[in-house]
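Keeping their order, the protein sequence lines are chains A and B.
What the first sequence shows, in my numbering, is residues 1 to 452, in sequence order.
What the second sequence shows, in my numbering, is residues 1001 to 1452, in sequence order.
Following: one structure in structure tokens, then a few remarks.
2 protein chains.
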Amino acid sequence: MADTKILLTESEIPTHWLNLMPDLPGEPAPPLNPGTMEPAGPEDLSPIFPMGLIQQEVSADPEIEIPDEVREIYKLWRPTPMYRAHRFERDLDTPAHIYYKYEGTSPAGSHKPNTAVPQAWYNREEGVRKLATETGAGQWGSALAFACRLMDMECEVFMVGSSYDQKPYRRSMMQTWGATVHRSPSSETQAGRAQAEHPTGSLGIAISEAVEIAAGDDATNYALGSVLNHVLLHQTVVGAECVAQLEKAGEYPDVVVGCVGGGSNFGGITAPFVRANLREGKRTRFVAAEPAACPTLTRGVYRYDFGDTMGMTPLMPMYTLGHDFVPPPMHAGGLRYHGDAPLVCGLVRAGVVEARAYRQNETFEAAVRFARAEGIIPAPEPAHAIRAVIEEADAAREAGEERVILVNLCGHGHFDLAAYDAYFAGSLEDPEFSEAEMQAALERLPETPALA
Amino acid sequence: MADTKILLTESEIPTHWLNLMPDLPGEPAPPLNPGTMEPAGPEDLSPIFPMGLIQQEVSADPEIEIPDEVREIYKLWRPTPMYRAHRFERDLDTPAHIYYKYEGTSPAGSHKPNTAVPQAWYNREEGVRKLATETGAGQWGSALAFACRLMDMECEVFMVGSSYDQKPYRRSMMQTWGATVHRSPSSETQAGRAQAEHPTGSLGIAISEAVEIAAGDDATNYALGSVLNHVLLHQTVVGAECVAQLEKAGEYPDVVVGCVGGGSNFGGITAPFVRANLREGKRTRFVAAEPAACPTLTRGVYRYDFGDTMGMTPLMPMYTLGHDFVPPPMHAGGLRYHGDAPLVCGLVRAGVVEARAYRQNETFEAAVRFARAEGIIPAPEPAHAIRAVIEEADAAREAGEERVILVNLCGHGHFDLAAYDAYFAGSLEDPEFSEAEMQAALERLPETPALA
């Protein structure tokens, strides 16, 4: 039988990140200054980000070199393994070849350290001593705590209330790496105190809190785990490794699948394949899987919106449910975000990426089926992607085609087993998305230039 | 810089397990039938074990071939990575070269699936439909649940009460893989009902419960996660991979370190190096790290004792605290066992292996130091081994020698973060070992032949 795992050596860790921004058709719509609604320049970002990252945010270079020290740290968990899902294929009775890239082998348990480490590095290079951030499911906060520890920096994390309550061990993990963790909304910030009526919190609120902390102290910066161009840039190490691994297997993907909250794991794994479509005429399909309770790509509108709930960050062109829309609590905390990465939204807008929304119970059904075949228990976020893989595998069987499916299994579910408990007990909800609440949130948005 | 990880390909998964029994000096003391106190034969084990495993238990073959299907399943996580602990070495300011073999990459999160999978396989080959077992920290129960799922068998787990309460997510994990889990002592068995006065439970009580279930049903067998020869045999895949990995690094260990509860991870990683000492005159040292609250190797007596609390299993020659000694609750649940593998005990007795006992707080101090250097958060059990590594690294610095230290990091601590919380809060106890309780337990033992 063919190998189960396709491994790379440390010398095969990519030397460059892949910047997909110059590949997008047309001129990119610039971010807007939240005060003036005029195009935002690097100076608008400099209070909370270092210049090294701001340059990456606006770069038109097709590739950006990875600093040596970052590559050295990547060796703690990279290259990550790619698996051929032999057992899952048999269980699904599909002719499809299913490959999953497993990012759960990082110490923090997800793909997030791929960007946490370089973000900490660029900040430290410019004299920043502390990073503040938000975390949803806890994956990002864990990753930044880990990265700051390796860089000898301080780390302060605002954790979305519902996740803080559901996942106390994510907090313990961050503390083990030396970070300070607050339940958001917290009493530490004006933004938190103003949102006390939303006790479950949201990513948007937590972002506002962390940004406020960073803006108020010169030696403290902010770090975001998704959405921004430089974050998706760093995650392209995932896609670059997949290219090399599939080459070793003698395959090329017919479809690449990932879950989308802010878009970083999806943007990371798809980047080189999207470029091959746009530049080399490849015909890979791309499927973005999101929760039906927070259906940004499938139900949101494409327009300018703030990155955070309070309206402090620049406005970005994206699909959005409205920056102060508060999605219902659910276990895939990392997917509870009102917007999505402008880069991913641009690809959806251009018809390059197809989005699908799934309900909570059907994603856990898919995750359990996967765990019982392959062993690994997925986090609730990539469970959405697994759900889409099952659909693709079924479609391959119906078409009688040996399609190659690549999916980003971006993290394990070791801190999400309470959700599995609820699923088995039949008490897992399928929270409803409120179209009316979205419309109300959209009506509260400021007027902004129309997007093409 | 030298590579961080030393990886093997799937074709380098060992083809044979290494049986150390024929290497031990002198005739092995046979197990005794618990009814007659006469040497026990294969027929004494057949009510609860399949012949395939019984043959391995008493085999004098130096090597035993691994079945193809087992090797195929091993590919889901094997070969496991070996890491050079560059950052930990720098933090310890030691000239030692520290290598850790990381078994936490298995879906169950520890080395336990190395034996769970072949145990399930040999049982299924002989028509057994269900396995019953105990679990302490939950590592073994998770591993057997995972293995039974892959073999389409049922699995029933008795989980030590204190761990069941501390680690609810270990239970969820077992249920995700389809197992039934009981809190031990349970009301399901006579053994459990008889021990209701020990609500925190112990490995010995849980073993008795599982053995009772297996003995009462022809299609159900028992599976033990440690102690027995065939379990240590299966774990030698760990040591065999280490030999190949250290060869790639151009190194040979001066000292090999592991924690010891029942002895399986320690027996597994040390086996080929012990053989090289005995057959080729190598001079590697072996350090077995155990908890001061359950100090079997450092404080117990060497004599025949039962494997379980109720006295249902054959008696084995080992260091023991008395089979009905109940160790105090602690977070390293996998190390709360009154005895130790006869094979490991024999090596301690012969002066080949040195044992050391550590208190709970000093092991967590070591684990946090390791996590902050290397990222991976160790389970409390291998934290004991990390503590011993720090001592060895200090000794190397004092001697000014570039010693090579190999340690088995046999599992991650993702389900043990409550213990880390307690450590940071300063509320972690250093439970006392009671010499008097041990003496009382030893006085309750039946008379048995003296051991040489």
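Think of the CB as a built atom: it goes at the ideal place given N, C-alpha and C, for glycine as much as any other residue.
Item, Value
"Comparing alpha-carbon positions, which option in T180(A), H86(A), D93(A) lies nearest E401(A)?", "D93(A)"
"Quick one: does S172(A) have its CB under 9 Å from some CB of chain B?", "yes"
"Which term fits Q1119(B), buried or exposed, when burial requires 16 or more other beta carbons within 10 angstroms of its beta carbon?", "buried"
"Assuming R1084(B) and Y1099(B) form a contact by the criterion Cβ under 8 Å, report the distance between their Cβ atoms to the nearest whole angstrom.", "6 Å"
"Quick check on the burial criterion: 16 or more other C-beta atoms within 10 angstroms. Buried or exposed for S1046(B)?", "exposed"
"By Cβ distance below 7 Å, which residues in the same chain neighbour R124(A) in space, the five residues on each side in sequence not counted?", "M151, M153"
"Is there a C-beta anywhere in chain B that falls below 9 Å from the one on Q175(A)?", "yes"
"For chain A, check one thing: does any of its Cβ atoms lie closer than 9 Å to the Cβ of W1077(B)?", "yes"
"Is the CB of E374(A) under 9 Å away from at least one CB in chain B?", "yes"
"How big is the Cα-Cα spacing for A1108(B) and C1148(B)?", "12 Å"
"Please state the DSSP three-state secondary structure of P1317(B).", "strand"
"Quick one: give me the first and last residue of the beta strand (DSSP E) that H97(A) is part of.", "97 to 102"
"Would you identify the three-state DSSP class for C1155(B), choosing helix, strand or coil?", "strand"
"In three-state terms, what does DSSP make of G1458(B)?", "With chain B covering 1001 to 1452 only, the question about residue 1458(B) has no answer from this structure."
"Using a Cβ-Cβ cut-off of less than 8 Å, list which residues of the segment 1366 to 1392 of chain B approach chain A; keep chain order.", "V1368, A1371, R1372, E1374, G1375, I1376, I1377"
"What is the residue span of the alpha helix (DSSP H) that I1207(B) lies within?", "1203 to 1215"
"Measuring alpha carbon to alpha carbon, tell me which residue in D340(A), A452(A), A371(A), L76(A) is nearest H111(A).", "L76(A)"
"From R1183(B) to T1135(B), what distance separates their C-alpha atoms?", "10 Å"
"Please name the residue in I1376(B), Y1252(B), G1041(B) whose C-alpha comes closest to that of L1406(B).", "Y1252(B)"
"Out of A1002(B), E1043(B), F1433(B), Q1055(B), which one is the CA nearest neighbour of H1230(B)?", "Q1055(B)"
"Quick check on this structure: which residue in P1185(B), E1391(B), Y1304(B), D1308(B) has the alpha carbon closest to the alpha carbon of C1345(B)?", "Y1304(B)"
"Starting from H414(A), find everything on chain B with Cβ-Cβ shorter than 9 Å and list it in chain order.", "G1109, Y1169, M1173, H1412, H1414, F1415"
"For L7(A) and F286(A), I'd like the C-alpha separation in whole angstroms.", "24 Å"
"Closer than 6 Å by C-beta to G261(A): which residues in its own chain qualify, once you throw out the five before and the five after it? Chain order, please.", "G334, L335, Y337"
"Run through the DSSP bridge pairs and tell me what K130(A) is partnered with.", "E154(A), T220(A)"
"Cα separation between L1018(B) and T296(A)?", "56 Å"
"Does any C-beta atom of chain B lie closer than 9 Å to the C-beta of K101(A)?", "no"
"Against G1178(B), what residues of chain A qualify as contacts under a CB-to-CB distance less than 8 Å, listed in chain order?", "R372"
"To the nearest angstrom, how far is it from the Cα of Y1420(B) to the Cα of F1364(B)?", "7 Å"
"Of all the CB atoms in chain B, is at least one closer than 9 Å to the CB of F424(A)?", "yes"
"For E1010(B), go through chain A and note every residue whose CB falls closer than 9 Å to its CB, in chain order.", "D3, T4, K5, L7"
"Rounded to whole angstroms, what's the CA-CA distance from G1281(B) to I1213(B)? Just pull it up for me.", "46 Å"
"Give me the chain A residues within the contact set of D1421(B), using Cβ-Cβ distance strictly less than 7 Å, ordered along the chain.", "S172"
"Pull out every residue of the segment 149 to 168 of chain A whose Cβ sits closer than 9 Å to any Cβ of chain B, in chain order.", "R149, L150, P168"
"Quick check on S1110(B): does DSSP put it in helix, strand or coil?", "strand"
"Can you confirm whether the segment 1234 to 1243 of chain B touches the segment 1359 to 1373 of chain B when touching is taken to mean that 3 or more C-beta pairs between the two stretches lie within less than 8 Å?", "no"
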